[in-house]
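Chains as they are written, first to last, in UniProt numbering: chain A, 1 to 361; chain B, 1 to 361; chain C, 1 to 77; chain D, 1 to 77.
Ideal placement from N, C-alpha and C gives every residue a C-beta, glycine not left out.
Note that the structure is predicted; figures quoted are calculated from it, not measured.
Take a look at the structure set out below.
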Amino acid sequence: MDRYDRQTRLEGFGPQKQALLQQAKVLVIGAGGLGVPVLQYLTAMGIGRIGIVEHDTVSVTNLQRQVLYHTADQGQPKVTLAAKRLQALNPEVTHVVHDTWLTTENALELFAAYDVIVDCSDNFGTRYLVNDACVITGKPLVYGAIYKYEGQVSVFNYQEGATYRCLFPEPPESGEMLNCSDIGVLGVLPGIIGCYQANETVKVITGIGTPLRNQLMTIDTLHNNHLVFNISPVAANRQITALQANYEQTVCEVAGVQSLSVDELAQWQENNTHFTLLDVREIDEWEICHISPSLHIPMGEVMQRMAALPADMPIAVLCHHGMRSRAVAQRLVAAGFKRIYNVEGGIHAWACAIDDQMQTY
Amino acid sequence: MDRYDRQTRLEGFGPQKQALLQQAKVLVIGAGGLGVPVLQYLTAMGIGRIGIVEHDTVSVTNLQRQVLYHTADQGQPKVTLAAKRLQALNPEVTHVVHDTWLTTENALELFAAYDVIVDCSDNFGTRYLVNDACVITGKPLVYGAIYKYEGQVSVFNYQEGATYRCLFPEPPESGEMLNCSDIGVLGVLPGIIGCYQANETVKVITGIGTPLRNQLMTIDTLHNNHLVFNISPVAANRQITALQANYEQTVCEVAGVQSLSVDELAQWQENNTHFTLLDVREIDEWEICHISPSLHIPMGEVMQRMAALPADMPIAVLCHHGMRSRAVAQRLVAAGFKRIYNVEGGIHAWACAIDDQMQTY
Amino acid sequence: MGILLFGVAKDIIGVALLEKPAQVRDVASLKAWLYEAYPGLRQLKSMMIAVNRTYAADSQVINEQDEVAVIPPVSGG
Amino acid sequence: MGILLFGVAKDIIGVALLEKPAQVRDVASLKAWLYEAYPGLRQLKSMMIAVNRTYAADSQVINEQDEVAVIPPVSGG
């Protein structure tokens, strides 16, 4: 009754390769579209220790591709949910929760504790940071990235092979259209690319097959075109000795103001969803009635007092009927806040539908 | 706050294609290695109705690749577990549980109620049955199959295209090495192939891209070789009007006797695991002590009374110290029974470790 | 270009790539030669032969520069 | 063989396959032409050019029968 029976009886794998998996330590950057399949299959196959670097919470828009999470998980931190679910799949794996974004402060120390780094991030800043930290710490990097219906997979910095900068020496200009996928993605694409990343990770650890060293594989899922390009290592790109001061990493979320009904707001409260309710009405309106807990900043002061707003959780903006709050929400999105919700119908709708004890005006 | 935002904002997809997914009815044959990723991603992307045909229970050897299940699920029916977990991912999808094997009796009626059939089965008998039933009912068939480190994907019987029999007119001889994967498989391979099947299913439903109609894609994951072969439809293979009397479908499981400790046996009882405890001691031993419930058939009579044994659940074989039971277990495996466990240490170990009230002898 | 072997054909024959014997001039003679040289293949009954990435019937001629593939059925799931 | 476009390059240019203009004779002149004809590409800063499935430096000559691919960086995850 051996969990890994199908791998230990597999010709070319066997107990020897299984033992290598069990001894391996893999760090996965991101538990989103790519990270979920990578984590699921590496966990199932029996990697010894898997670290997960992620600081995001679950949003409903994640669920068309991040199949590890549940609808009821909205607002909860991905990394703890992921570790819990993956433990249920395979408790023989040690999952290490790194509930943080990858930064120039933590990258080198984190990477040093693992054998292989898997880049499942979603923005150029983090991708260049991952590359440079892999070069400095001497770790192989299993790379995957997606765009609309296309994906790229490679293994960088492995056995003196090419790095990410050998393909793309510099990141695109910050803030342009390429960063984060506001353009959308078909849900199954990160499944395909993430599975390939898990497969390449197993190859790097066990030595089976031919990893994509000095190669870039492009996959077009609309037409099933798979091309493999040969890359040459550029020696200068392996001479990095220190991280840059700033990689301009971005937190990717769906752009634009999202709508939240009062029913959904009540649900968030009930579920203890992590979010901030921002009430932008004037002080006299606030005194008539308000929802607890909420943060009260009148509309005219919000932009001056932006520093008081949390950057790492959803903000639901509330006013009397939902009009002022929408204007504030749009300004917050324009200022770079992610996951901004407008409470449709405002506190009046709340009084009518949810709290009939509340005074209306 | 739209769950499908990333798809509805995707160029070439949009709300129109999303609506087609929501109207679609997809039947997935098998909730194992291939079925799990197919089900996860089709559920996430928002197919309207997903039927699942599966009659197996979870075994620990499934868990290196079937990432939807938990270690604690052993012995529980896959189809109900799958539906429950998938509902948590996306309750907007209707999951229909068909807790049965696919048979010549139920195939045509089942297929008639769906738009697309996805073959995630694991034996030739079922694959030919699926093909023939798709031809008779006029349903497109999204095919995937795996062997060691290789996979095949195709879309059969779609828009007058080729069928499975246009590639392989007849099944291999029954009982030979190809059937069921006792040879083993790397855990992530069905992840890759299943994701491609989900992708082809979306193409068939929405009309995006180029489905693998009249094409067979082979994937070698060791060397990242992807080849696409052109196939021509053979008209005669689309003239099938009735199913065969017998497709010799097989229930695939890991071969050989598996070991079960008395602790695990106690756990199975506690968890209400579906299994039969077969006690093969002589009648006078049985009268001294026995575990309830159990089926008592003395060693010498087991092979004559095989018809009394359940074929669709695990059997744990028990004797005094675990020696006679092992011999019986091996005979049962040789006779074609799957998932046969030997209770190590026998009822004596049970009395020592689990039930100290039990009389020993 | 040689003969690419897939799945269990690769296992039965023991290599991933075979050289084409001179007497093999079409798909029928390829199959006859394979079945004789590697009797284990017979249990497959059906075996797809592709020439230049296209399914090839028994009558299809095989030239020296053709890429030939032997693709057996696969049942795993 | 033409110029295969990937990712955002395909979107900026609006097609998946471009014909190579006669004046493009090496990777440097290909890039110069692309940046001029499609200024939106400039924001990419880095853009991989492959000739016959191999990464090509600016000095690499492009012949008529070569397969050229333009592969921009992709960040999505």
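Interface annotation, B/I231: in contact with chain C, CB-CB separation under 8 Å.
By a beta-carbon distance limit of 8 Å, D/I3 contacts D/V70. Their separation comes to about 6 Å.
Under the DSSP assignment, C/A50 falls in the beta strand (DSSP E) whose first and last residues are M48 to V51.
For B/F111, the enclosing alpha helix (DSSP H) covers residues A107 to A112. The alpha-carbon separation between D/A57 and A/V234 amounts to approximately 11 Å. Runs of alpha helix (DSSP H) with 4 or more residues, each lying fully within the stretch 267 to 327 of chain A, are found at 283 to 288, listed in chain order. Not a single CB atom of chain A sits nearer than 8 Å to the CB of D/G14.
Residues V36 of the same chain have their beta carbon placed closer than 7 Å to that of A/V67, with the five preceding and five following residues left out of the count. In this chain, the alpha helix (DSSP H) harbouring B/N131 covers F124 to T137. If you check each beta-carbon in the stretch 87 to 105 of chain A against every beta-carbon of chain B, the ones closer than 7 Å belong to A88, L89, N90 and P91.
For the stretch 1 to 27 of chain D, the beta-carbon criterion of a distance under 7 Å to any beta-carbon of chain A is satisfied by F6, G7 and V8. For A/I183, the CB contacts under 7 Å within the same chain, skipping 5 residues up- and downstream, are K148 in chain order. A/T163 is a Cβ neighbour of A/N131, given a cutoff of 8 Å. Listed in chain order, the non-local C-beta contacts of B/V97 below 7 Å within the same chain comprise I52, V79, T80 and A83, local neighbours out to five positions each way being set aside. In this structure, the CA atom of A/H223 is about 32 Å from the CA atom of A/Q249. For D/L30, no Cβ of chain A is located within less than 8 Å of the residue's own Cβ. The alpha-carbon of C/V27 is positioned some 6 Å away from that of C/Q60. Within the stretch 7 to 23 of chain B, the residues whose Cβ lies closer than 8 Å to any Cβ of chain A are, in chain order, Q7, T8, R9, L10, E11, G12 and F13. Of the residues assessed, A/Q304 falls on the exposed side of the cut-off, its CB having fewer than 16 other CB atoms within 10 angstroms. In this model, A/I193 and A/M217 are separated by some 10 Å (Cα to Cα). For B/N131, not one C-beta of chain A is nearer than 8 Å to its own C-beta. Setting aside the 5 residues that flank it on each side, A/T206 is surrounded in the same chain by K17, L20 and L21, each with a C-beta closer than 7 Å to its C-beta; the list follows chain order. At a cut-off of 8 Å between beta carbons, A/V67 contacts chain B. Here A/A72 really is in contact with A/N271; their C-beta atoms are around 6 Å apart, less than 8 Å. In this model, B/W286 and B/V257 are separated by some 23 Å (Cα to Cα). DSSP places B/G75 in the coil class of the three-state scheme, outside both helix and strand.
Contact with chain B is absent for A/P140, since none of that chain's Cβ atoms lies less than 8 Å from the residue's Cβ. Using beta-carbon distances, D/P73 counts as an interface residue toward chain A, with a partner under 8 Å. Assignment of beta-bridge partners to B/R213 by DSSP yields B/V155. Against chain B, a Cβ distance below 9 Å from C/A50 picks out L216, L227, F229, N230 and I231. Excluding sequence positions up to five before and after B/Y143, its CB lies within less than 6 Å of the CB of D119, S154 and F156, all in the same chain and listed in chain order. Within the same chain, Q359 and Y361 come within 7 Å of B/I288 by CB-CB distance, once the 5 residues on both sides are set aside. For C/A37, the secondary structure class from DSSP, reduced to helix, strand or coil, is helix. In this structure, DSSP gives B/L222 a state outside helix and strand, which the three-state scheme calls coil. Chain order gives the chain D residues near A/G30 as G77, where near means a beta carbon separation below 8 Å. Sequence-distant Cβ neighbours of B/E170 in its own chain, meaning closer than 8 Å and more than five residues away, do not exist here.
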